[in-house]
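Here the structure comes first, spelled out in structure tokens, and everything after it is commentary.
Protein chains in written order, with the working numbering: chain A, 19 to 131; chain B, 72 to 183.
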């Protein structure tokens, strides 16, 4: 059984650019949730995908978008990057939209300069 | 705004001592989870307690839940230097099931 893997681990982008972050969910999990964690704060819910459909969204602007693929892997896309988008982006997988304890990836550290 | 709030924000203890962290939340929940995070990496799920449970144990961890006070506590007994990490509570709200909301965490330092 594999855990959740995220790529890349670190990324530096320039303000205004676009970025795509990737996540492979744990084997058997069909739900992926994305979180943004700013330094010194707790993770903030961005959105959740279940069977390739968005299933709930947090308080993030439309320039944050996502996809889930038939194998339940997922992408997070952020357009028109702003300095405040600098954060650790965490992917968490679970089963059937329930949360009996997420399995998290190690995250992607995004720095916007 | 965060659903859960941990208290204290930071805690420093000696190895062998017990560490207690508290979490308060605002709305009705299905369950509450505790996670650990080392040095800004991914979170590791520690324990989940359902809304109809009052206490749960896992190894050196003990979690209590008081739904009337909308609060939970995490006790780590006989702490070790390796327990140094940030600890977060997350609530799975009844009205937003499956999308957990995290607090800002307690940073625990265990001195050898």
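Every residue gets a Cβ at the ideal spot worked out from N, C-alpha and C, and that includes glycine.
Just the Cα atoms here: how many angstroms apart are residue i and residue j?
i: residue 71(A); j: residue 178(B); result: 36 Å
i: residue 112(B); j: residue 109(A); result: 11 Å
i: residue 121(A); j: residue 114(A); result: 13 Å
i: residue 130(B); j: residue 36(A); result: 45 Å
i: residue 129(A); j: residue 85(A); result: 22 Å
i: residue 83(A); j: residue 127(B); result: 38 Å
i: residue 81(B); j: residue 88(A); result: 42 Å
i: residue 66(A); j: residue 168(B); result: 11 Å
i: residue 151(B); j: residue 180(B); result: 9 Å
Considering only their Cβ atoms, is the gap separating residue j from residue i smaller than 9 Å?
i: residue 64(A); j: residue 51(A); result: yes
i: residue 74(A); j: residue 170(B); result: yes
i: residue 161(B); j: residue 106(B); result: yes
i: residue 102(B); j: residue 121(B); result: yes
i: residue 95(B); j: residue 75(B); result: yes
i: residue 76(A); j: residue 59(A); result: no
i: residue 15(A); j: residue 27(A); result: The structure shown has nothing for residue 15(A), since chain A only spans 19 to 131.
Compare the C-alpha of residue i against each of the options and name the closest.
i: residue 183(B); options: 83(B), 77(B), 78(B), 76(B); result: 83(B)
i: residue 89(B); options: 175(B), 181(B), 149(B), 154(B); result: 149(B)
i: residue 154(B); options: 75(B), 100(B), 108(B), 77(B); result: 108(B)
i: residue 86(B); options: 147(B), 116(B), 132(B); result: 147(B)
i: residue 107(A); options: 41(A), 68(A), 33(A); result: 41(A)
i: residue 118(A); options: 116(B), 143(B), 144(B); result: 116(B)
i: residue 78(B); options: 156(B), 140(B), 180(B), 144(B); result: 144(B)
i: residue 79(A); options: 54(A), 68(A), 25(A); result: 54(A)
i: residue 32(A); options: 47(A), 98(A), 112(A), 105(A); result: 98(A)
Please return the same chain residues whose Cβ sits closer than 6 Å to the Cβ of residue i, not counting the five positions on each side in sequence.
i: residue 38(A); result: 93, 95
Here's the rule I'm using: 16 or more other beta-carbon atoms within 10 Å means buried, otherwise exposed. How should residue i be labelled?
i: residue 131(A); result: exposed
i: residue 156(B); result: buried
Closer than 9 Å, Cβ to Cβ, to anything on chain C: give me those residues from the stretch 98–129 of chain A, in chain order. Going by chain labels, chain C is absent from the structure shown, which instead holds the protein chains A and B.
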